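Protein chains in written order, with my numbering: chain A, 46 to 282; chain B, 79 to 303. Only one structure is covered here, and it is reproduced in the block below.
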């Protein structure tokens with residue numbers, strides 16, 4: 046069922062301890078900072094988080110990790126110049142890491158949304174990231190069996206939603222949004238704008254509303270440093 | 079042999095990073111779809127010409143990527159795989175991550191250019207992890223790029239800072255991909271890998287014999303194309 050809520054706090058209020066949470070975004074593009082902040086405030090812990098990275102700087106996912114709320118990260122690129130909170134937890138043995146090549150990460154998420162039980166891919170064959178996994182030679186090429194990644198919840202950011210939950214994104218901020226929306230049992234989206242049903246050209250809808258459960262409007266901040274305030278009390282015009 | 083060897087020496091000095099980038103750019107066939115890795119490979123874009131009509135792919139979800147964004151052009155929703163703000167060219171398209179990597183894995187990308195720690199005689203690539211104890215592993219799209227593109231060009235210095243050859247019999251660093259590299263562009267030579275082993279297309283500032291003294295695997299000149 047599709048739900049429009051007034052605040053990011055309300056949007057994430059159903060997330061339970063021990064959940065697997067997908068978080069969209071690549072770098073800062075498409076990161077749902079306000080939803081992550083609300084997840085921080087709601088207290089859910091022992092989380093498994095699926096994201097391309099493992100947080101950067103002192104915001105968003107990095108703070109969840111700093112506060113010890115993330116039990117396990119599933120990601121492709123945890124080590125960055127400003128990923129100090131992950132680095133500290135990892136070196137202290139306080140966070141589990143499942144490292145997945147980026148395309149395998151994307152395809153495993155896609156597979157979950159598409160009801161695929163697994164797939165063989167050449168990516169990673171013959172490397173340490175394929176150790177312990179089933180392999181086959183298919184069409185003369187070594188391939189590795191990879192399984193879907195499901196999630197209880199996805200937190201994603203889109204540009205606009207209409208009254209049916211159809212979504213459009215903006216430029217490279219699209220990244221993991223569409224596939225995470227499909228892979229999670231409950232998808233929570235923050236959008237800059239909610240438009241009337243019929244206002245989005247059906248030819249241009251990127252994520253059909255069938256994949257969306259909760260929508261909250263978070264106006265685009267002129268300055269991202271102000272992005273951690275909720276800013277969702279404003280009524281849709 | 080002497081004649082053959084001198085004929086592949088195409089410059090009197092080793093190539094600078096920019097000269098090497100210019101050479102890689104010149105070798106990219108017109109109309110190609112290309113992914114340039116982070117770091118040195120990014121320099122190649124400075125030398126692609128309009129006539130070549132190359133479409134650049136960035137794996138975070140875009141074809142038709144333009145140059146780095148400056149000042150007013152900077153848009154936090156428009157970045158490349160290195161998370162640097164970029165611009166879009168006319169005819170650009172955006173797509174989600176699974177499509178972006180399907181494009182690679184599906185063999186639709188003509189060339190990717192990557193950096194490397196080591197390349198083996200059979201074209202194995204090591205470029206993602208030193209395997210050092212305590213190092214936090216991070217792979218990103220390296221394995222997908224190495225495995226997916228039709229041609230994988232490596233761009234690197236031939237020697238490490240300690241003077242060891244990065245062309246090796248067998249990689250000692252953890253592998254990124256098996257038998258995936260097709261060409262290696264270095265400051266001292268261009269190497270081709272293939273079923274017949276590794277061959278040298280041209281050398282810069284050294285003869286094949288001098289090159290052989292630096293590289294611990296048997297080298298021979300590539301057959302003229």
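For every residue, glycine included, the Cβ atom is placed at its ideal position computed from N, Cα and C. On a predicted model such as this, the values are computed, not experimentally measured, just so you know.
Exercise for the section: Tell whether a beta-carbon distance below 8 Å holds between residue 166 of chain B and residue 139 of chain B. Expected result: no
Practice task
Using beta-carbon positions only, say whether residue 163 of chain A and residue 156 of chain A come within less than 8 Å of one another.
Solution key: yes
Exercise for the section: Please look up how many angstroms separate the CB atoms of residue 95 of chain A and residue 119 of chain A, rounded, as I've assumed it's under 8 Å. Expected result: About 5 Å; that satisfies the 8 Å criterion.
Practice task
Write down every uninterrupted run of the alpha helix (DSSP H) in the region 189-230 of chain B whose length is 4 residues or greater and which is fully enclosed by it, in chain order.
Solution key: 220-226
Practice task
Can you check the region 223-275 of chain B for any alpha helix (DSSP H) of at least 4 residues that lies completely inside it and give the ranges in chain order?
Solution key: none
Problem - Cross-chain neighbours of residue 164 of chain A in chain B, by beta carbon under 9 Å - result: Those within 9 Å of residue 164 of chain A in chain B number zero; the least Cβ separation is about 10 Å.
Exercise for the section: Tell me whether residue 202 of chain A is buried or exposed, calling it buried when 16 or more other Cβ atoms sit within 10 Å of its Cβ. Expected result: buried
Problem - Beta carbon of residue 171 of chain A nearer than 8 Å to that of residue 160 of chain A - result: no
Handout entry: Of the listed residues A:182, A:98 and A:259, nearest to residue 75 of chain A (C-alpha basis)
Key = A:98
Exercise for the section: Report all residues from its chain with a CB closer than 7 Å to the CB of residue 169 of chain B; omit the five preceding and five following residues, and keep chain order. Expected result: Cβ within range, chain order: 142.
Problem - Simplified DSSP state of residue 166 of chain A, which is helix, strand or coil - result: Strand, per DSSP.
Handout entry: Which of helix, strand or coil DSSP assigns to residue 117 of chain A
Key = strand
Handout entry: Beta-carbon proximity check, residue 199 of chain A vs residue 232 of chain A, cutoff 8 Å
Key = yes
Exercise for the section: Provide the residue span of the beta strand (DSSP E) that contains residue 78 of chain A, from first to last. Expected result: In this chain, residue 78 of chain A is not harboured by any beta strand (DSSP E); it is covered by the alpha helix (DSSP H) spanning 78-87.
Practice task
Could you tell me which chain B residues have their CB closer than 7 Å to the CB of residue 86 of chain A, listed as they occur along the chain?
Solution key: Those within 7 Å of residue 86 of chain A in chain B number zero; the least Cβ separation is about 24 Å.
Exercise for the section: Please check if any C-beta of chain A sits within less than 8 Å of the C-beta of residue 138 of chain B. Expected result: yes
Handout entry: Under 9 Å by beta carbon: chain A residues contacting residue 154 of chain B
Key = 72, 73, 74, 218 and 269
Handout entry: Contact between the region 262-272 of chain B and the region 229-248 of chain B (3+ Cβ pairs under 8 Å)
Key = yes
Handout entry: Cβ pair residue 227 of chain B, residue 182 of chain B closer than 8 Å
Key = Judged by their CB atoms, residue 227 of chain B and residue 182 of chain B are nearer to each other than the 8 Å cut-off.
Handout entry: C-beta atoms of residue 204 of chain A and residue 229 of chain A nearer than 8 Å
Key = Result no, Cβ atoms of residue 204 of chain A and residue 229 of chain A do not sit closer than 8 Å.
Exercise for the section: Using 10 angstroms around the beta-carbon of residue 95 of chain B, count the other beta-carbons present and answer buried if the total reaches 16, otherwise exposed. Expected result: Flag for residue 95 of chain B reads exposed.
Exercise for the section: Would you please verify whether the beta carbon of residue 274 of chain A is less than 8 Å from any beta carbon of chain B? Expected result: For residue 274 of chain A, the pLDDT reaches just 40, beneath the cut-off of 50, and the residue's location in the model is therefore unreliable, leaving the point undetermined.
Practice task
Give the C-beta separation of residue 229 of chain B and residue 179 of chain B to the nearest angstrom, bearing in mind that I take them to be a contact with Cβ-Cβ under 8 Å.
Solution key: Contact flag wrong, Cβ pair sits at about 18 Å.
Practice task
Please go through the same chain and pick out, in chain order, the residues whose beta-carbon is closer than 7 Å to the beta-carbon of residue 116 of chain B, but skip the five residues on each side of it.
Solution key: 159 and 160.
Problem - Residues bridged to residue 140 of chain B [DSSP beta-bridge criterion] - result: B:136 and B:172
Handout entry: Rounded Cβ spacing between residue 69 of chain A and residue 222 of chain A (contact assumed at less than 8 Å)
Key = Right, their Cβ atoms sit about 5 Å apart.
Practice task
Express the C-alpha separation of residue 215 of chain B and residue 145 of chain A in angstroms, rounding to a whole number.
Solution key: Take the alpha-carbon of residue 145 of chain A and the one of residue 215 of chain B: they are about 10 Å apart.
Problem - chain A residues whose Cβ lies nearer than 8 Å to that of residue 219 of chain B - result: 121, 146, 147 and 148
Exercise for the section: Starting from residue 98 of chain A, follow its DSSP beta bridges and name the residues at the other end. Expected result: A:122
Handout entry: C-beta neighbour in chain A for residue 104 of chain B, strict 8 Å
Key = no
Exercise for the section: List the whole-angstrom C-beta distance separating residue 231 of chain B from residue 293 of chain B, where the pair is believed to meet the contact cut-off of C-beta under 8 Å. Expected result: Rounded, the Cβ-Cβ distance is 18 Å, inconsistent with contact.
Problem - Which of helix, strand or coil DSSP assigns to residue 52 of chain A - result: coil
Exercise for the section: Identify the continuous alpha helix (DSSP H) that holds residue 238 of chain A and give its terminal residues. Expected result: Residue 238 of chain A -> not in any alpha helix (DSSP H); beta strand (DSSP E) instead, spanning 229-239.
Handout entry: residue 207 of chain B versus residue 214 of chain A - alpha carbon distance
Key = 34 Å
Exercise for the section: Give the range of the alpha helix (DSSP H) segment to which residue 136 of chain A is assigned. Expected result: For residue 136 of chain A, the uninterrupted alpha helix (DSSP H) segment begins and ends at 129-136.
Handout entry: Assigned secondary structure, residue 221 of chain A (DSSP; H/G/I helix, E/B strand, else coil)
Key = Here residue 221 of chain A sits in coil by DSSP.
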